[in-house]
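Below you'll find the structure, written out as structure tokens, and then a few comments.
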Amino acid sequence: GQQVMQIPQYQHVQEGEDFTTYCNSSTTLSNIQWYKQRPGGHPVFLIQLVKSGEVKKQKRLTFQFGEAKKNSSLHITATQTTDVGTYFCAGLKTTDSWGKLQFGAGTQVVVTP
Amino acid sequence: NAGVTQTPKFQVLKTGQSMTLQCAQDMNHEYMSWYRQDPGMGLRLIHYSVGAGITDQGEVPNGYNVSRSTTEDFPLRLLSAAPSQTSVYFCASSYSGASPLHFGNGTRLTVT
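These protein sequences, in sequence, are chains A and B. In terms of the working numbering, the first sequence opens at residue 29 and continues consecutively. In terms of the working numbering, the second sequence opens at residue 7 and continues consecutively.
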């Protein structure tokens, strides 16, 4: 089953609003990556976090890695229609070998103008 | 620089047929992997490879075979297709096992 849990599964946002999607693991992660997949497209890498408590920003997107390295969040401010898509987190457990990145189920974002 | 190339884009198979999904990358990446994507399930790892001649199983390997004879190519074989294998398949490569993944455009497979 899914070992990296992502919530919510679905997010309906009015244009201009903020929202946050969360990613949780039951075990400690070496790193966490975030991807965005537009409808009909393939996942595209957004960011990677490796340090406990790390915060990174990309324009209106803020990514955070928890102190215990078991959870992460993506916060989008002033949502635009270009933010439509599914956002995935993917974690590498410290107990797993390189290459076994595990994806969450994703948060599908719909933006209403 | 084409990145990761997957063929075919679409495929329809009958139950019991076999086929190979092709994946090639031109970035000289050591790590390659296959994922399947089903609604509400995210991306699930099928098989991965850390270099030519080395492969390992992921989360959902049953019904699939892989080999890695060159750095560039990582084909995925379905031995006897089943309706449960209807899915979108993505191949990905990365510089190292913890590096960002570069995905191909995907293969949409339907098994009837």
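Ideal Cβ positions, reconstructed from N, Cα and C, are used throughout, including at glycine. Please read all numbers here as calculations on a predicted model, not as lab measurements.
- Within the DSSP secondary-structure output, B/Arg83 pairs in a beta bridge with B/Thr26, B/Asn71.
- Interface annotation, A/Phe93: not in contact with chain B, CB-CB separation never under 8 Å.
- A/Gln136: member of the beta strand (DSSP E) spanning 135 to 140, first to last residue.
- A residue is called buried when at least 16 other Cβ atoms come within 10 angstroms of its Cβ; A/Ala106 does not meet this threshold and is exposed.
- Taking one beta carbon from each stretch, the segment 36 to 52 of chain A and the segment 99 to 119 of chain A have 3 or more pairs nearer than 8 Å; the two touch.
- A/Lys85 has a beta carbon lying at 8 Å or more from every beta carbon in chain B.
- Using a Cβ-Cβ distance cut-off of 8 Å, the segment 82 to 94 of chain B and the segment 17 to 25 of chain B are in contact, since at least three pairs of beta carbons, one from each stretch, lie closer than that value.
- Bounds of any beta strand (DSSP E) do not take in A/Gly94, whose DSSP letter is neither H nor E.
- At least one beta carbon of chain B lies nearer than 8 Å to the beta carbon of A/Leu129.
- Listed along chain B, the residues sitting closer than 8 Å to A/Asn59 by beta-carbon distance are Ala104.
- Residue B/Pro14 holds the alpha-carbon nearest to the alpha-carbon of B/Tyr95 among B/Ser102, B/Glu36, B/Pro14.
- The bridge partners DSSP lists for A/Gln65 are A/Thr114.
- Against chain B, a Cβ distance below 9 Å from A/Gln37 picks out Gly46.
- Between B/Asn34 and B/Thr92 a beta carbon distance of about 33 Å is seen, past the 8 Å cut, so the two are scored as non-contacting.
- When 7 Å is used as the limit between beta carbons, A/Leu120 is near these residues of chain B: Ala104, in chain order.
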